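Residue numbers (our numbering): 5 to 586. Taking it in order: structure first as structure tokens, then the write-up.
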């Protein structure tokens with residue numbers, strides 16, 4: 005760093021750049037294409053441009069960041085704080101000015117475009133057998149001739165009307181028992197977990213019993229809300245994992261925990277807060293409240309698994325990658341600080357090995373490769389790719405550290421999946437002219453009405469599936485050669501090929517923002533796909549097979565990629581396209 009400038013990293017976008025000292029954070033964000041909300045022209049009036057100045061040593065970025073990295077709060081921010089517009093621990097990016105190198109976290113509430121769930125729920129035929137059930141009962145009122153307690157009479161009613169015996173009750177429910185019985189005039193609804201434990205009690209008839217399934221990914225967290233009585237998915241939501249401000253990949257987060265006292269606790273608090281926010285989001289979508297969520301099932305890679313549970317992930321940072329626990333675990337939601345029904349149970353699937361986690365266990369349970377003869381490849385593609393290969397005779401698993409490039413990070417014009425992000429790309433091999441689709445619009449960019457349809461969102465960047473498609477299309481059109489080099493000789497054919505330092509770039513979109521695919525972007529995808537394919541080949545050699553018969557792609561990225569492009573880039577082995585699905 006020179007004496008007159010500072011290195012700035014914006015998370016979760018992963019965009020970074022160097023700016024003069026004294027530059028407002030909001031101005032730096034705009035120049036880098038980071039979408040921070042602001043409607044007052046940077047005058048500190050709207051309070052929408054709030055950011056968090058990250059604290060600690062960020063070895064990956066070579067930055068030590070803290071409150072001294074930006075200017076001290078002034079009167080404008082003090083006034084916003086007094087009006088309770090500015091949340092504790094946050095700064096107005098239009099007022100905070102750069103003083104030294106800094107890492108800036110942009111919370112979801114300050115982002116212009118809302119995260120789109122890319123980990124979609126997939127309907128399957130299952131035998132419905134929820135662990136939590138609701139029972140409506142009428143309890144006999146007490147009188148002078150029956151001295152039994154209210155709890156005993158509730159147990160009697162459950163045994164008489166529903167043949168439920170041997171039940172226990174949570175102390176939190178017991179405290180409210182008498183009040184609830186009298187509010188309901190001795191008619192109540194009881195939630196029973198596993199046929200053994202009363203975990204909920206409502207006056208009168210209560211018909212809402214919801215369960216939330218959550219995939220805690222390194223980059224993206226996705227939640228799906230289910231009606232436990234019908235099995236229907238009633239709401240879905242997703243967000244960037246706020247832990248990304250502590251490190252873009254898993255090892256960066258372990259490093260943060262090792263180098264910063266209390267770092268693991270910070271990351272645990274961040275992800276638990278995110279889970280509570282997602283619970284509130286999906287409940288609101290379903291016209292319910294978070295307290296209606298009586299069961300939560302979580303999956304995640306081992307480091308996410310440990311951090312959600314509040315376990316130190318340090319041992320996972322080096323061989324032999326020892327897990328603190330490899331069994332399934334169940335805890336009350338209140339014990340984990342997740343704001344759903346306080347007596348709801350949080351069930352976390354077991355991890356398989358040091359870097360093969362509960363998300364892989366969930367993938368195996370969903371796809372059941374162990375039941376068939378076909379050699380099946382399962383790939384959970386994300387920041388940490390987890391790979392399973394085999395059939396009913398034998399299953400093997402491994403993980404590959406692909407990094408966050410597949411999810412839009414580490415790409416010059418990459419972004420999370422949000423309205424305005426390019427998700428589909430086609431390039432004419434003759435003219436090299438592109439056309440594309442963005443999230444939130446069904447039209448292609450060359451269709452009449454596209455500009456009008458995207459006026460609200462604009463074209464803001466390229467998400468993971470778009471990155472893969474544009475690079476594959478560049479290869480198919482001859483813009484990049486087999487070595488992954490952008491061919492500067494093609495500049496004679498199209499002004500889409502432009503010189504960039506000592507390499508060349510492909511201009512995908514010219515507009516309010518120019519979006520280009522650089523040589524560095526191509527290299528980032530090459531490294532990620534090489535790590536993924538190396539893991540696949542390792543398992544194929546170990547299993548002694550030359551081909552796979554069936555492929556299933558999962559994860560935030562895998563669920564939305566066109567399998568054809570995955571094969572074009574060599575991310576997955578050749579297979580009949582009819583047998584490849586996301």
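We put the CB at the ideal spot given by N, CA and C, even for glycine. Quick caveat, the model's predicted, so the values are computed rather than measured.
Q. Do the stretch 379-397 and the stretch 545-554 make contact, defined as three or more Cβ pairs closer than 8 Å?
A. At 8 Å Cβ cutoff, the stretches touch.
(Q) Quick check on the burial criterion: 16 or more other C-beta atoms within 10 angstroms. Buried or exposed for residue 388? (A) Buried, because 16 or more other Cβ atoms sit within 10 Å of the Cβ of residue 388.
**Q.** Straight-line gap, residue 192 to residue 279 (C-alpha atoms, nearest Å)
**A.** If I take the Cα positions, the gap works out to 30 Å.
Q.
Please return the same chain residues whose Cβ sits closer than 8 Å to the Cβ of residue 74, not counting the five positions on each side in sequence.
A. Excluding positions up to five away in sequence, the list reads 29, 57, 95, 100, 101, 102, 103, 106.
Q.
Please report the straight-line C-alpha distance between residue 290 and residue 210, rounded to a whole angstrom.
A. When rounded, the distance between both Cα atoms is 16 Å.
Q) residue 486 by DSSP, collapsed to three states: which one? A) In this structure, residue 486 counts as coil in the three-state DSSP scheme.
Q. Apart from the five residues on each side of it in sequence, which residues of its chain come closer than 7 Å, Cβ to Cβ, to residue 356?
A. Answer for residue 356: 364, 365, 401, listed in chain order.
Q: Report back the beta-carbon spacing between residue 240 and residue 251 to the nearest angstrom; my notes put them in contact at under 8 Å.
A: In this structure residue 240 does not touch residue 251 by the C-beta definition: roughly 27 Å separates them, more than the 8 Å allowed.
Q: Please go through the same chain and pick out, in chain order, the residues whose beta-carbon is closer than 6 Å to the beta-carbon of residue 573, but skip the five residues on each side of it.
A: Closer than 6 Å at the Cβ level, and outside the excluded window around residue 573, lie 476, 533.
Q: Have a look at residue 324 and residue 358 and give me their C-alpha separation to the nearest angstrom.
A: Taking the straight line joining both Cα atoms gives about 8 Å.
Q: Would you identify the three-state DSSP class for residue 441, choosing helix, strand or coil?
A: In the structure shown, residue 441 falls within a strand segment according to DSSP collapsed to helix, strand and coil.
Q: Return the bridge partner residues of residue 197 from the DSSP annotation.
A: Answer is 136, 201.
Q. Near residue 312, which residues of its chain fall below 8 Å by C-beta distance, leaving aside the five closest residues on each side in sequence?
A. Same-chain partners within the cutoff: 220, 272, 275, 276, 279, 302, 304, 340, 352.
Q: Tell me whether the beta-carbon of residue 498 lies closer than 7 Å to the beta-carbon of residue 436.
A: Their beta carbons are under 7 Å apart, which means residue 498 touches residue 436 by this criterion.
Q. Which partner residues does residue 58 have in the DSSP bridge list?
A. DSSP, once it has assigned bridges, lists no residue as partnering residue 58.
Q | Inter-residue spacing [alpha-carbon to alpha-carbon] between residue 384 and residue 226 | A | The C-alpha of residue 226 is placed about 14 Å away from the C-alpha of residue 384.
(Q) Spatial neighbours of residue 154 within its chain, please: C-beta separation below 8 Å, excluding the five flanking residues on both sides. (A) Closer than 8 Å at Cβ, skipping near neighbours: 143, 146, 181, 182, 185.
Q) Is the CB-CB distance between residue 551 and residue 585 below 7 Å? A) The answer is no: Cβ separation not under 7 Å.
(Q) Quick test of the definition: if touching needs 3 or more C-beta pairs under 8 Å, does the stretch 468-484 touch the stretch 48-64? (A) Two segments are said to touch when three or more pairs of C-beta atoms, one from each, lie closer than 8 Å; by this definition the stretch 468-484 does not touch the stretch 48-64.
Q: Could you tell me whether the stretch 415-427 touches the stretch 436-451, using the rule of 3 or more Cβ pairs below 8 Å?
A: With a cut-off of 8 Å on Cβ pairs, the stretch 415-427 is in contact with the stretch 436-451, counting three or more such pairs.
Q: Have a look at the DSSP bridge pairing and note the partners of residue 24.
A: Residue 24 is bridged to 9.
Q.
Could you check whether the stretch 36-43 touches the stretch 79-86, counting it as contact only if at least three pairs of C-beta atoms, one from each stretch, sit closer than 8 Å?
A. Taking one beta carbon from each stretch, the stretch 36-43 and the stretch 79-86 have fewer than 3 pairs nearer than 8 Å; the two do not touch.
Q. Using the beta-carbon count (16 or more within 10 Å), is residue 151 buried or exposed?
A. Residue 151 is exposed by the Cβ-count criterion.
Q.
Between which two residues does the alpha helix (DSSP H) holding residue 229 run?
A. Counted as a single uninterrupted DSSP element, the stretch harbouring residue 229 is not any alpha helix (DSSP H) but the beta strand (DSSP E) occupying residues 224-231.
Q) What's the C-alpha gap between residue 189 and residue 208? A) Near 8 Å, if we compare the C-alpha coordinates of residue 208 and residue 189.
Q. How many Å lie between residue 296 and residue 345 at the Cα?
A. Inter-residue distance for residue 296 and residue 345 is about 6 Å (C-alpha atoms, whole angstroms).
(Q) I need the straight-line Cα distance from residue 218 to residue 138, nearest angstrom please. (A) Residue 218 and residue 138 have their C-alpha atoms roughly 23 Å apart.
Q) Which class does residue 190 belong to by DSSP, given the choice of helix, strand or coil? A) Coil, per DSSP.
Q. So the beta strand (DSSP E) residue 291 belongs to, where does it begin and stop?
A. Taken as a continuous stretch (DSSP letters only), residue 291 belongs to no beta strand (DSSP E), as it is neither H nor E.
Q.
Does residue 5 pass the burial test, meaning 16 or more other C-beta atoms within 10 Å, or should it be called exposed?
A. Residue placement at residue 5 is poorly supported in this model, since its pLDDT is 47, which falls under 50; the coordinates are not used for a value here.
Q | Expected contact under 8 Å - CB spacing of residue 519 and residue 465 to nearest Å | A | Correct: roughly 7 Å between the Cβ atoms.
Q) Would a C-beta distance cut-off of 7 Å place residue 198 and residue 135 closer than the cut-off? A) When the beta-carbon positions are compared, residue 198 and residue 135 come within less than 7 Å of each other.
(Q) Using a Cβ-Cβ cutoff of less than 8 Å, which residues in the same chain neighbour residue 454 once the five nearest sequence positions on both sides are dropped? (A) Cβ contact annotation for residue 454 (same chain, cutoff 8 Å, sequence separation greater than five): 445, 447, 448, in chain order.
Q: Please name the residue, chosen from 343, 511, 350, 371, that lies closest to residue 416 on a Cα-to-Cα basis.
A: Out of 343, 511, 350, 371, 511 has the C-alpha closest to the C-alpha of residue 416.
(Q) If I measure Cβ to Cβ from residue 284 and keep anything under 8 Å in the same chain, skipping five residues before and after, which residues do I get? (A) The residues are 294, 343.
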